[in-house]
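Chemist:
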Amino acid sequence: MSEVNLSTDETRVSYGIGRQLGDQLRDNPPPGVNLDAILTGLTDAFGGKPSRVDQEQMAASFKVIRDIMQAEAAAKAEAAAGAGLAFLAENAKRDGITTLASGLQFEVLTAGDGAKPTREDQVRTHYHGTLIDGTVFDSSYERGQPAEFPVGGVIAGWTEALQLMNAGSKWRLYVPSELAYGAQGVGSIPPHSVLVFDVELLDVL
Numbered sequence: 001m002s003e004v005n006l007s008t009d010e011t012r013v014s015y016g017i018g019r020q021l022g023d024q025l026r027d028n029p030p031p032g033v034n035l036d037a038i039l040t041g042l043t044d045a046f047g048g049k050p051s052r053v054d055q056e057q058m059a060a061s062f063k064v065i066r067d068i069m070q071a072e073a074a075a076k077a078e079a080a081a082g083a084g085l086a087f088l089a090e091n092a093k094r095d096g097i098t099t100l101a102s103g104l105q106f107e108v109l110t111a112g113d114g115a116k117p118t119r120e121d122q123v124r125t126h127y128h129g130t131l132i133d134g135t136v137f138d139s140s141y142e143r144g145q146p147a148e149f150p151v152g153g154v155i156a157g158w159t160e161a162l163q164l165m166n167a168g169s170k171w172r173l174y175v176p177s178e179l180a181y182g183a184q185g186v187g188s189i190p191p192h193s194v195l196v197f198d199v200e201l202l203d204v205l
């Protein structure tokens, strides 16, 4: 491919459109995605040429690929749910782990002696969140800025835990998926993920 001149606003925006499409396809690639076919489709559409595939064939092929993707997603979700349950079952056997009736697990890293917040309170916290494999998905520590939010405005596992913590405490939470983001997942958190948080309750505001 020849070198592209990206010295103008127009060419940079054009390149950016291609990058965005490429990012989407890289992060969520349909099975067997073919870059040459994608470029051919773009070129034909941009040039006003008739489609090389009729609409009936296109719709049928989209359905085949969509069914494959749904089956793959369901298999991954089932595996993640099983891995999460196994992790929590083993974790519950460890010394220092408390398991609540909801399924939430925690261990006390530092015991504070400040006030306990209610569901209606605003709190300031530092936290570090990972998947059970250690993948970090969010961290106020890494951002260098504590987070403030209402106790009742976060995932159910946090809402339950925060009301049990004294200000000045630091706990490690093991949050079942049903007390987090469940079957939907969010962002870089896959569906049915058990989440691990180090949570430091700095202040009740």
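Here the sequence shown is numbered in the UniProt record's numbering, starting from 1 and rising by one per residue. Each residue gets a CB set at the ideal place from its N, CA and C atoms; glycine is no exception.
Could you check what DSSP says for Ile-189 in three-state terms: helix, strand or coil?
Modeler: DSSP places Ile-189 in strand when its eight states are reduced to three.
Chemist: In whole angstroms, what separates the C-alpha of Lys-76 from that of Ala-92?
Modeler: Going from the Cα of Lys-76 to the Cα of Ala-92 covers about 24 Å.
Chemist: Could you name each continuous alpha helix (DSSP H) segment of 4 residues or more that falls completely within the UniProt domain "PPIase FKBP-type" (120 to 205), going from the start of the chain to the end?
Modeler: If we require 4 residues or more, the alpha helix (DSSP H) runs fully inside the UniProt domain "PPIase FKBP-type" (120 to 205) come out as 140 to 143, 156 to 162.
Chemist: Is DSSP giving Val-33 helix, strand or coil here?
Modeler: The answer is coil: DSSP assigns Val-33 none of H, G, I, E or B.
Chemist: Could you please give the first and the last residue of the uninterrupted beta strand (DSSP E) stretch that includes Glu-107?
Modeler: That run of the beta strand (DSSP E) goes 105 to 110.
Chemist: Which residue wins for smallest C-alpha separation from Leu-104, given the options Glu-72, Val-175, Arg-119?
Modeler: Nearest option by C-alpha distance: Val-175.
Chemist: Here's the rule: buried if 16 or more other CB atoms are within 10 angstroms of the residue's CB, otherwise exposed. What is Phe-62?
Modeler: Its Cβ having fewer than 16 others within 10 Å, Phe-62 is exposed.
Chemist: Between the Cα of Asn-34 and the Cα atoms of Ala-167, Ile-65, Leu-6, Thr-8, which residue gives the shortest distance?
Modeler: Per the Cα distances, Ile-65.
Chemist: Cutting at 7 Å between CB atoms, please list the residues of its own chain near Tyr-141, excluding the five before and the five after it.
Modeler: Correct list, in chain order: His-126, His-128.
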